[in-house]
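Novice:
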Amino acid sequence: MIWALLLSCRSDPGWLIEPEAPGDEACPPAPPIPVAPPRQLPIQIRVGRGLDPDRAAWHTRWGAAWWRRRGVVWQIAPGWRRTPDTPPLAGSPGADIDALLAPLAHAVQRPAEPWIELVFVSELATPTSPASHWFSPLTGLAVSPALPHGDDPVAQALGALADGATPTVFLALGAADRLPDERARFVLAHEVGHALGLVHHREAGNLMGPGFPRCAPELTPAQLSALQLP
149 MIWALLLSCR
159 SDPGWLIEPE
169 APGDEACPPA
179 PPIPVAPPRQ
189 LPIQIRVGRG
199 LDPDRAAWHT
209 RWGAAWWRRR
219 GVVWQIAPGW
229 RRTPDTPPLA
239 GSPGADIDAL
249 LAPLAHAVQR
259 PAEPWIELVF
269 VSELATPTSP
279 ASHWFSPLTG
289 LAVSPALPHG
299 DDPVAQALGA
309 LADGATPTVF
319 LALGAADRLP
329 DERARFVLAH
339 EVGHALGLVH
349 HREAGNLMGP
359 GFPRCAPELT
369 PAQLSALQLP
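Here this note's numbering is used: the first residue of the sequence shown is 149, the next is one more, and so on.
1) Given this structure, state the Cα-to-Cα distance separating residue 213 from residue 367, to the nearest angstrom.
2) Could you check which residue in 263, 238, 243 has the C-alpha nearest to that of residue 251?
3) Taking C-beta to C-beta, are residue 268 and residue 195 nearer than 8 Å?
4) Per DSSP, which residues does residue 188 bridge with? Please list them.
5) Should residue 373 be labelled buried (16 or more other beta-carbon atoms within 10 Å of its own) or exposed?
6) For residue 230, list the residues DSSP reports as bridge partners.
7) Which runs of the alpha helix (DSSP H), 4 residues or longer, sit entirely within the stretch 245–328?
8) According to DSSP, is residue 336 helix, strand or coil?
9) Keeping to the same chain, check which residues put their C-beta closer than 7 Å to that of residue 303; ignore five residues upstream and five downstream.
10) Can you give me the Cβ contacts of residue 243 inside the same chain, cut-off strictly under 7 Å, excluding the 5 residues immediately before and after it?
11) Under DSSP, the alpha helix (DSSP H) around residue 348 begins and ends at which residues?
12) Are residue 188 and residue 223 touching if we call contact CB-CB under 8 Å?
13) So for residue 164, helix, strand or coil by DSSP?
14) I'd like the list of long-range same chain contacts for residue 200, defined as Cβ closer than 8 Å, with 5 residues on each side in sequence excluded.
In structure tokens form, the structure reads like this:
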């Protein structure tokens with residue numbers, strides 16, 4: 149069965165989110181991983197004003213397709229919302245981390261709701277911001293109560309930001325457009341993994357690993373069983 153959801157919107161009535169992502173002749177089709185029954189993941193989408201909804205749809209198709217093959221079906225709420233574009237994280241070296249994260253604090257939703265918010269923004273950080281050096285490039289960022297946070301000051305600040313908030317994934321369309329498509333197509337799936345509680349994984353070829361292969365990355369059975377769905 150092919151899952152398809154039509155997101156109705158007055159400005160873009162044909163915004164079709166179809167989890168069966170386009171094929172790639174260089175990559176053999178991966179066999180579906182049997183998961184019974186499929187698990188449902190409620191999703192709501194926000195697109196910053198002035199941003200191309202077709203690019204947001206491209207990332208959503210790839211993310212939904214990847215997770216569907218692992219037994220997690222995205223239930224995308226009808227109608228995506230236009231919202232003000234979240235300002236990129238600015239500041240200078242030595243800036244207070246909480247102040248640096250303030251734009252995200254205004255963008256996450258409280259109290260916590262039983263879904264994941266996908267928020268498409270133009271950029272997540274300015275080139276001179278300390279945030280640009282946390283992860284290079286800073287293309288996506290997850291703020292989620294399900295994600296364990298350690299003793300690192302940045303991780304602690306993100307944990308405080310996530311406390312009592314709806315799990316939220318930010319994806320910077322500008323930064324994503326500067327990546328090769330074979331990497332960009334997996335960024336949203338990776339960040340949703342964080343929103344579901346998965347930490348970085350050292351194994352190459354893993355969705356949560358240090359880099360994405362050209363063909364579909366995977367998760368271990370232990371990672372799949374540890375997902376914390378809303």
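From the three backbone atoms N, C-alpha and C, an ideal C-beta is built for every residue, glycine too.
Owing to the predicted nature of the structure, the values given are computational and were not obtained by experimental measurement.
Specialist: This is what the structure holds:
1) Spanning the alpha carbons of residue 213 and residue 367 requires a straight line of approximately 14 Å.
2) If we check each option's Cα against that of residue 251, 238 comes out closest.
3) Against a cut-off of 8 Å, the Cβ pair of residue 195 and residue 268 comes out as a contact.
4) DSSP, once it has assigned bridges, lists 221 as partnering residue 188.
5) Per the 10 Å Cβ criterion, exposed.
6) Under DSSP, residue 230 forms a beta bridge with 195.
7) Runs of the alpha helix (DSSP H) inside the stretch 245–328: 245–248, 250–255, 301–310, 321–325.
8) When secondary structure is reduced to three states using DSSP, residue 336 falls in the helix class.
9) 297, listed in sequence order.
10) For residue 243, the CB contacts under 7 Å within the same chain, skipping 5 residues up- and downstream, are 278 in chain order.
11) No residue range can be given for residue 348, since it is assigned to no alpha helix (DSSP H) and is classified by DSSP as neither H nor E.
12) Contact: yes.
13) Residue placement at residue 164 is flagged as unreliable, the pLDDT there being 42, under the threshold of 50; a coordinate-derived value is accordingly withheld.
14) Excluding the 5 residues flanking it on each side, residue 200 has same chain C-beta neighbours closer than 8 Å at 321, in chain order.
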